[in-house]
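Q: When you read off a place in the sequence shown, starting at 1, and then add 40, the result is the number in this note's numbering.
Okay, here's the structure, questions in a sec.
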Amino acid sequence: DFAWFPRVVVIAEENSEATILEHQVSTDVEALICPVTEITAGQSARLKYLTVQELGPRVWQLASQISDIGRDAHVAVSHVAFGGGYARARIDTRMVGSGATGDIGAVYFGRKDTTLDFRTFQKHDAPHTNSNLLFKGAVDDRSRAIYTGMIRIEPDAGDVVAYQTNRNLKLSDEAWAESVPNLEIENNDVKCSHASAVGPVDADQRFYLESRGVPSEVAEALVVRGFFAEVLEDLPIPSIGIKTLERISELLSLEGVSL
Numbered sequence: 041d042f043a044w045f046p047r048v049v050v051i052a053e054e055n056s057e058a059t060i061l062e063h064q065v066s067t068d069v070e071a072l073i074c075p076v077t078e079i080t081a082g083q084s085a086r087l088k089y090l091t092v093q094e095l096g097p098r099v100w101q102l103a104s105q106i107s108d109i110g111r112d113a114h115v116a117v118s119h120v121a122f123g124g125g126y127a128r129a130r131i132d133t134r135m136v137g138s139g140a141t142g143d144i145g146a147v148y149f150g151r152k153d154t155t156l157d158f159r160t161f162q163k164h165d166a167p168h169t170n171s172n173l174l175f176k177g178a179v180d181d182r183s184r185a186i187y188t189g190m191i192r193i194e195p196d197a198g199d200v201v202a203y204q205t206n207r208n209l210k211l212s213d214e215a216w217a218e219s220v221p222n223l224e225i226e227n228n229d230v231k232c233s234h235a236s237a238v239g240p241v242d243a244d245q246r247f248y249l250e251s252r253g254v255p256s257e258v259a260e261a262l263v264v265r266g267f268f269a270e271v272l273e274d275l276p277i278p279s280i281g282i283k284t285l286e287r288i289s290e291l292l293s294l295e296g297v298s299l
């Protein structure tokens, strides 16, 4: 048994550009991991940060990621999560300079007794800023997924565009998902929305495939696979998107199926 407290500090200076991959993986050990990631993007910086979480079923994770995005800078953070007995990630994205843009994306797949808990905060401190969040997840077996999101627009942050979307698929009767989006808007000059959904695989999409001779189990798995495509296509490292899709296909028993 052990505890691990890693800390990553990223400072993207003015006009810099970088893509960073953080891969969290463990063996079958009982452990606590509390990673902290601090990102600061200077004026006109461009940063893409991808976190892949594949922890063992006896690992508890309490993760924190904070991004401060400066004037005309763009930070895109992406998360892929498959593991952990209980894995919680708090993701703060703060637009602190005029013209700042923050994109937040996630793909997660819970199975067995995993609990995946995401808490996101999109905070607009400056005017003329943008943020867009898209989280998509699936829960199978007895797993649980929790999403709690907040968009906060400060009084001086006019001309802001902010979106927040979370969608979840329930793949078994014992699986459970909860989605709680929130808005706090202190300025009228904004374009802002949130959306959330929890439900089973779309019956019409499944029927469409079945009507063309696709077996029922394969049809459902293909719909789930397609459900994630929108987020996977935007991952900053294409090879990780391909590997994530392969992992999802493996979990859905689609290995060897001609697509």
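For every residue, glycine included, the Cβ atom is placed at its ideal position computed from N, Cα and C.
Computed from a predicted structure; not experimentally measured.
Using CA coordinates, which residue listed in D165, G253, E286, G189 is at the minimum distance from E226?
A: Ranking the options by Cα distance to E226, first place goes to D165.
Q: Quick one: is V108 buried, meaning 16 or more other Cβ sit within 10 Å of its Cβ, or exposed?
A: Val is not the amino acid found at residue 108; the sequence shown has Asp there. Per the 10 Å Cβ criterion, buried.
Q: Take every Cβ of the segment 232-252, pair it with every Cβ of the segment 94-102, and state whether three or more of those distances are shorter than 8 angstroms.
A: Counting Cβ pairs under 8 angstroms, fewer than three are found: no touch.
Q: Report the rounded CA-to-CA distance for L90 versus I60, giving the unit in angstroms.
A: Going by the C-alpha atoms only, they are around 6 angstroms apart.
Q: Would you mind sorting F45 into buried or exposed? The rule is 16 or more other CB atoms within 10 Å of its CB.
A: The residue in question, F45, is exposed, as its Cβ has fewer than 16 Cβ neighbours within 10 Å.
Q: Please state whether DSSP places I193 in a helix, a strand or coil.
A: Strand.
Q: Using C-beta distances below 6 angstroms, list every residue in its chain close to L299, excluding the 5 sequence neighbours before and after it, in chain order.
A: At L299 the pLDDT is 46, less than 50, meaning the model places this residue with poor confidence; the figure from the coordinates comes in the next sentence. Answer for L299: no residue qualifies.
Q: What whole-angstrom Cβ distance do G125 and V99 have, given they're in contact under 8 angstroms?
A: 6 angstroms between Cβ atoms; contact.
Q: Which of the three DSSP states is assigned to G281 in this structure?
A: In the structure shown, G281 sits in a helix (DSSP, three-state: H, G or I).
Q: Taking C-beta to C-beta, are F161 and D143 nearer than 8 angstroms?
A: No, the pair does not count as a contact, with Cβ atoms beyond the cut-off.
Q: Using a 10 Å radius around the Cβ and a threshold of 16 neighbouring Cβ atoms, would you call V65 buried or exposed?
A: Exposed, by the Cβ-count rule.
Q: At the level of alpha carbons, what is the spacing between Q101 and R130?
A: Using only the alpha carbons, I get a separation of about 11 angstroms.
Q: Return the bridge partner residues of F42 from the DSSP annotation.
A: In DSSP, F42 forms a bridge with A71.
Q: Is it the case that the CB of D199 approaches a heavy atom of the ligand MG more closely than 7 angstroms?
A: The ligand MG is absent from the structure shown, which contains no ligand whatsoever.
Q: Report back the beta-carbon spacing between V50 and I73 to the nearest angstrom; my notes put them in contact at under 8 angstroms.
A: That pair is no contact at about 19 angstroms.
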